[in-house]
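Student: First the structure, then my questions, so here it is.
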Amino acid sequence: MVRLRPVIPPDPRLLIVEISEADLRALNRPTPSDRDLAEVIRILSQHQPSVIGLDLHRELPQEPGHTELLQQLQTSNVVAILELGAEEIEIPPPPGVPDDRVGFSDIAIDADNVVRRNLLFGSNASGDFFSFSTQLAFKYLEKQGITPQDSRSHPGNMQLGETSFLPLEKDAGGYQNLDAVGYQVLLDYRSASSPAPMVSFTQVLNGEIDPSLVQDKIVLIGTTAPSSKDLFYTPYSAALQTNHTMPGVVVHAQMVSQVLGTVLDGKPLFWFAPEWLEITWIGGWAVIGGCAAWRFRHPITLGFSVVILVIGLSGISLLLFLGHGWLPIATPAIALILTSIAIVSYRAYTIQ
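Note that the working numbering numbers the sequence shown so that position 266 is 390, with each residue one more than the last.
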């Protein structure tokens, strides 16, 4: 259903500096050198961004210029990444970057390899950590005077501004026994492609960038090159003719945009019906199917009415989804059809 939602314009609060295959060919390297990264961060910093996020692992030097990069990473509004892992940190952040400017780049992936969740916080044996996207959003919001608080309406959960972020439970929506570790919400994608304006790495490196794209923005630097293998399937992937996957830096930007949109624009988070309401919803459609079978005795009329009812069920569910609500479609549709068949079979048996 996410593919049926209206297109939303790119988020003007973000900018993605992409490292494409064309950039790598221009640099004649499989990844930018530390010197080139340092220069790009320096140029961006001149244009006064709100925060810069480096979505590249730099725990090991990529000479030349490692010392220069470490100096730029001391800038107070630059956020680096680590890879969390299950038990201990698998890939540490660059040396010397304080914990409050580091976020994990791990992305929660569903069993069908699709990214549908936004993991805000996580933990392992080494401690508790914010995600990369959460760090970027928090630092931007902090400059707006908004910091995380305990929820007034749902104590024990996080509140930002007037919005309470309620974590996914293991049986939320279509999930069954979800591994709901950490603090997760359903990811609300802004678009099927990029949620923010994009410029190339070499554009910035050559000083060919409009300062207004950077000033007061959240700037993410990361690779979009397929050779990096930092690519993910999304709910849009199945419908796309080309570019079936989304680069990790773009997924992180989707997550940042979701948090900002929720807090600053009043965009709601997804909500899920409690179990009792789901049962009532499914049972109600089963009763409707039975009533239709009892009312319409001609097979063609009954078949047409069942089709209309399934279309109506789908339409109601879609409208709820567009309003960021979730109720099942498949289960009540099956219940409706099976009940209709059961009533028809019962009537045929009694007539005999």
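Positions of the beta carbon are idealized from the N, C-alpha and C atoms, including for glycine. In this text, all values refer to a predicted model and were calculated from it rather than measured experimentally.
On the DSSP bridge assignment, give the partners of F445 in chain order.
Tutor: Per DSSP, none; premise fails for F445.
Student: Taking Cβ to Cβ, would you say W405 is nearer than 8 Å to L460?
Tutor: Not in contact: W405 and L460 (Cβ atoms no closer than 8 Å).
Student: Using the C-alpha atoms, what's the distance from T463 back to R471?
Tutor: Their backbone Cα atoms lie some 12 Å apart in a straight line.
Student: How far does the beta strand (DSSP E) with F253 in it extend, from its first residue to its last?
Tutor: Its beta strand (DSSP E) spans residues G251 to F254.
Student: Out of curiosity, what's the CA-to-CA distance linking V343 and W450?
Tutor: Using only the alpha carbons, I get a separation of about 32 Å.
Student: Which residues in the same chain as R182 place their Cβ atom closer than 6 Å to its Cβ, once the five residues preceding and following it in sequence are excluded?
Tutor: Here the set comprises P218.
Student: Can you grab the Cα-Cα spacing for the pair I213 / D160, in whole Å?
Tutor: The alpha-carbon atoms of I213 and D160 are separated by roughly 27 Å.
Student: Pick from V411, A417, Y313 and S336: whose alpha carbon is nearest that of W370?
Tutor: Looking at the sequence provided, one finds Met at residue 370 rather than Trp. The option with the nearest alpha carbon to M370 is Y313.
Student: To the nearest whole angstrom, what separates the beta carbons of S315 and I132, a pair I think is in contact under 8 Å?
Tutor: Their Cβ separation, rounded to whole angstroms, is 6 Å, which keeps S315 and I132 in contact under 8 Å.
Student: With H, G and I counted as helix, E and B as strand and the rest as coil, what does DSSP make of R419?
Tutor: R419: helix per DSSP, three-state reduction.
Student: Verify whether the separation of the beta carbon atoms of L446 and Q382 is less than 8 Å.
Tutor: No. Outside cutoff.
Student: Report all residues from its chain with a CB closer than 6 Å to the CB of G189; omit the five preceding and five following residues, and keep chain order.
Tutor: Answer for G189: S157, D158, R159 and A162, listed in chain order.
Student: Take G297 as the anchor and find which of R276, F394, D340 and S336 has the nearest alpha-carbon.
Tutor: Of R276, F394, D340 and S336, the residue nearest in Cα terms is F394.
Student: DSSP three-state label for E504, please.
Tutor: This structure gives no information on residue 504, because the portion of the chain shown stretches from 125 to 476.
Student: Kindly indicate the opening and closing residues of the alpha helix (DSSP H) around D147.
Tutor: E145 to L151 is the span of the alpha helix (DSSP H), which, as asked, contains D147.
Student: Which residues bound the alpha helix (DSSP H) around G385?
Tutor: From DSSP, the alpha helix (DSSP H) with G385 extends over G372 to L388.
Student: Can you name the start and end residues of the beta strand (DSSP E) that I453 belongs to?
Tutor: Per DSSP, I453 belongs to no beta strand (DSSP E) and is neither H nor E.
Student: Residue range of the alpha helix (DSSP H) that F325 falls in?
Tutor: Unbroken alpha helix (DSSP H) run through F325: F325 to L329.
Student: Grouping DSSP H, G and I as helix and E and B as strand, with all else coil, what is E399?
Tutor: Residue state, collapsed to three classes: helix.
Student: According to DSSP, is E142 helix, strand or coil?
Tutor: Strand.
Student: Smallest Cα separation from V239: which of H376, R153, F396 and K294?
Tutor: If we check each option's Cα against that of V239, H376 comes out closest.
Student: Provide the residue span of the alpha helix (DSSP H) that contains S169, from first to last.
Tutor: D158 to Q170 is the span of the alpha helix (DSSP H), which, as asked, contains S169.
Student: To which residues does DSSP link N248 through a beta bridge?
Tutor: DSSP, once it has assigned bridges, lists G251 as partnering N248.
Student: Does the region 223-230 come within contact of the region 240-259, defined as at least 3 CB pairs closer than 8 Å?
Tutor: Cβ pair count under 8 Å is three or more, so yes.
Student: Less than 8 Å separating the beta-carbons of I467 and G414?
Tutor: Cβ distance < 8 Å, so I467 and G414 count as in contact.
Student: CA-CA distance, I165 and L329?
Tutor: One C-alpha to the other measures close to 9 Å.
Student: If we ignore side chains and look at the alpha-carbon of each, how far apart do N281 and G246 end up?
Tutor: If you take the alpha carbons of N281 and G246, they lie about 14 Å apart.
Student: Alpha carbons only, please: which of L401, I465 and Q378 is nearest the one belonging to F420?
Tutor: Considering only alpha carbons, the answer is I465.
Student: Which term fits N242, buried or exposed, when burial requires 16 or more other beta carbons within 10 angstroms of its beta carbon?
Tutor: Classification for N242: buried.
Student: If contacts are defined as beta-carbon pairs under 8 Å, then F325 and D147 qualify, I think. What distance do you get, rounded to the angstrom?
Tutor: Their Cβ separation, rounded to whole angstroms, is 4 Å, which keeps F325 and D147 in contact under 8 Å.
Student: Mind pulling the beta strand (DSSP E) runs of 3 or more residues that sit fully within the region 224-296?
Tutor: As far as the region 224-296 is concerned, its whole beta strand (DSSP E) runs of at least 3 residues are 226-228, 241-248, 251-254, 282-284 and 287-289.
Student: For the beta strand (DSSP E) that contains Q308, what are its first and last residues?
Tutor: Taken as a continuous stretch (DSSP letters only), the beta strand (DSSP E) holding Q308 covers Y307 to L310.
Student: Inspect the beta-carbon positions of I205 and L168 and report whether they are closer than 8 Å.
Tutor: The answer is no: Cβ separation not under 8 Å.
Student: Where does T366 fall in DSSP's three states?
Tutor: T366 falls in the coil class under three-state DSSP.
Student: Would you call Y307 buried or exposed, if buried means 16 or more other Cβ atoms sit within 10 Å of its Cβ?
Tutor: Answer is buried; the Cβ neighbour count reaches 16.
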